[in-house]
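**Student:** If you read the sequence shown in this note's numbering, its first letter stands for residue 93, the second for the next number, and so on. For every residue, glycine included, the Cβ atom is placed at its ideal position computed from N, Cα and C. Would you mind keeping the following structure in view while I ask a few things?
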Amino acid sequence: MCTFIFMYKLLKDYPIIAMHSRYAPLVSKEVPPRVSRGKLRAYHPLDTYSTGTWIGFNEEKLFVAVTDQNTIGLDKVYRSRGLLA
93 MCTFIFMYKL LKDYPIIAMH SRYAPLVSKE VPPRVSRGKL RAYHPLDTYS
143 TGTWIGFNEE KLFVAVTDQN TIGLDKVYRS RGLLA
């Protein structure tokens with residue numbers, strides 16, 4: 093399950109703070125955020141396995157974050173990253 097935290101006007105110098113952890117396969121590797129050019133410039137990290145991203149914003153100040161949720165149930169429960177504590 094992904095975790096998405098969005099804080100609005102909590103810190104004076106940072107009107108918007110967004111944090112995101114994602115549920116990804118162990119083979120997935122990320123490249124730090126950078127600017128990419130398409131129809132609009134966008135700032136985002138990159139998943140090199142899927143060649144996609146899960147969070148970012150563009151030059152028109154549109155912010156997007158993708159999360160997942162399983163509402164149907166799992167046939168087989170498994171851990172993607174192991175135990176936390």
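(1) Under a three-way DSSP split, which group does threonine 140 fall into?
(2) For glycine 130, which of helix, strand or coil comes out of DSSP?
(3) Could you tell me which of Asp160, Asn150, Lys153, Asp139 sits nearest to glutamate 122, measuring between CA atoms?
(4) Nearest to glycine 148 by alpha carbon, out of Tyr141, Val158, Ser142, His136?
(5) Who are the near neighbours of proline 107 in its chain, counting only those whose CB is closer than 8 Å to its CB and skipping five residues on each side?
(6) What's the gap between the Cα of threonine 159 and the Cα of aspartate 105?
(7) Aspartate 124: which of Thr145, Tyr115, Ile109 sits nearest, CA to CA?
**Tutor:** Taking the definition as stated:
(1) Mapped onto the sequence shown, residue 140 falls at position 48. In the structure shown, threonine 140 sits in coil (DSSP, three-state: anything other than H, G, I, E or B).
(2) Counting from 1 along the sequence shown, the entry for residue 130 is found at position 38. Coil, per DSSP.
(3) Here the question's residue 122 lines up with position 30 in the sequence shown. With distances taken between Cα atoms, glutamate 122 lies closest to Asp139.
(4) By one-based count along the sequence shown, residue 148 stands at place 56. Among Tyr141, Val158, Ser142, His136, the Cα nearest to that of glycine 148 belongs to His136.
(5) Here residue 107 corresponds to residue number 15 of the sequence shown, with the count starting at 1. Tyr100, Lys101, listed in sequence order.
(6) One-based indexing of the sequence shown puts residue 159 at position 67. One-based indexing of the sequence shown puts residue 105 at position 13. Roughly 27 Å separates the two Cα atoms.
(7) On the sequence shown, residue 124 is found 32 positions in, with the first residue counted as 1. First, the amino acid is wrong: residue 124 is proline here, not aspartate. Out of Thr145, Tyr115, Ile109, Thr145 has the C-alpha closest to the C-alpha of proline 124.
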